[in-house]
Structures are given as C-alpha cells and as structure tokens.
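Heads up, the sequence shown is in this note's numbering, so the first residue is 3 and it goes up one at a time.
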Amino acid sequence: MKKVKELKTYAITDDFKFQVTQVVISHSKEVAIYWLRDIAGYSNEEMEKFRVRDFPLDEKVVVRDFGETSAREIIDDVVQIETVRGFPIVAFWKEVENDYYENWHSYFEAEEPTD
C-alpha cells in the first residue's frame, strides 16, 4: 500500500535575482527547491543563495484581488481543478516591495455571460 506523504509549505526567498518570496507546497523541502529551480530557471549556484524556511499551512495572508487565504485553502482549491496533476505548486508569491501576496486568483477575470 502506498504511503500518503504530508504536504508542507516552504517560503523560498530569492533576494538576489527576481526579488521574490515564493511559497511552495510540496511533500519535501528538497523537491520544492529543485522544482522551483527548474520552473523559474535558476542555476545551481543561485540555488545556494536561496533562503528557505517552513511556512505555516494555516497562516492567513492577503492575496491581491482575492483577500485573505492560507496555503491550506489553496490546496483545497487546487485538488478540485482537473488540470493540476499534483504537487509541488506555488501557492502564492510576494515581491519584495509589496505588502501583499499574489497568485492565480490575482489574475482571474470573470468572463462576460454569453447568451
């Protein structure tokens, strides 16, 4: 029987290139770091400069154009979306100059109703 691994959340900060903290939901810290390296295009040398810390799953943050949410609530939303194949995912991210986070909710635009 396959063992179910607990999801955890990690805040991975890059204060040298993109100036952003990305909160990644993953089953392990190592997977989160290497996955972020691959999707964001970091080099192995740049990875050594990451600051990584645990991020509480239930910590409420303000997401632009969405309101307050937590990584756990994002997980609940994601598992209902058929196109998401699994984890890791970026729950939300924060640019250094902002006092709010952003994620896919921030860019959601309601479609105009059609007749």
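No residue lacks a Cβ here, since even glycine has one placed at the ideal position from N, Cα and C.
| Asked | Found |
| --- | --- |
| Could you give the DSSP three-state label for Asp60: helix, strand or coil? | coil |
| Would you please state the rounded distance, in angstroms, between the beta carbons of Val63 and Tyr12? I believe it to be under 8 Å. | With 8 Å as the limit, Val63 and Tyr12 do not qualify as a contact, their Cβ atoms being about 14 Å apart. |
| Between Phe18 and the rest of its own chain, which residues show a CB-CB distance below 8 Å, the 5 nearest in sequence each way excluded? | Glu48, Lys51 |
| What number of angstroms, rounded off, separates the C-alpha of Leu69 from the C-alpha of Ser30? | A small fix is needed here, since residue 69 is Gly in this sequence, not Leu. Rounded to the nearest angstrom, the two C-alpha atoms are 28 Å apart. |
| Starting from the C-beta of Phe57, find all residues in its chain whose C-beta is less than 8 Å away, skip the five residues before and the five after it, and write them out in chain order. | Thr11, Tyr12, Ala13, Val25, Ala73 |
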